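So the number in the numbering used here is just where the residue sits in the sequence shown, counting from 1, plus 98.
For each residue, glycine too, the CB sits at the ideal point set by N, CA and C.
All figures in this text were calculated on a predicted structure; none of them were measured in a lab.
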Amino acid sequence: MIHHLEQITPTGVYFTSLSFKKDEITIHATANTSTSLTLFTNNLKTSKYLSDVSITNLLRDVSGTGALKFQIVTSVKSSISGDETQP
Numbered sequence: 099m100i101h102h103l104e105q106i107t108p109t110g111v112y113f114t115s116l117s118f119k120k121d122e123i124t125i126h127a128t129a130n131t132s133t134s135l136t137l138f139t140n141n142l143k144t145s146k147y148l149s150d151v152s153i154t155n156l157l158r159d160v161s162g163t164g165a166l167k168f169q170i171v172t173s174v175k176s177s178i179s180g181d182e183t184q185p
């Protein structure tokens, strides 16, 4: 699954933490632009491995960079959550 996330993460999005809990993934990350965040969110929503993608926290960095700090929670689709051969 980590390899899949790496493949669908656009330039300008950087993970600060990643956690897995049963069939749920929580991603804390920073996006350089709102375009990068939108592309990443769309990539997650169209992933064949993930469902129920939601941004649960979004903050604009006020230090002048304009970066967006966010948290996304998503579910691993049940058809693959028990499959040890997943990407």
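Please report the residue range of the beta strand (DSSP E) in which residue i lies.
i, result
"residue 124", "122-129"
"residue 139", "That residue, residue 139, is in no beta strand (DSSP E); its alpha helix (DSSP H) goes 132-143."
Please confirm whether residue i and residue j have their CB atoms less than 8 Å apart.
i, j, result
"residue 156", "residue 138", "no"
"residue 134", "residue 126", "no"
"residue 102", "residue 147", "yes"
"residue 117", "residue 107", "no"
"residue 175", "residue 149", "yes"
At the level of alpha carbons, what is the spacing between residue i and residue j?
i, j, result
"residue 136", "residue 160", "20 Å"
"residue 132", "residue 112", "13 Å"
"residue 165", "residue 110", "9 Å"
"residue 151", "residue 128", "17 Å"
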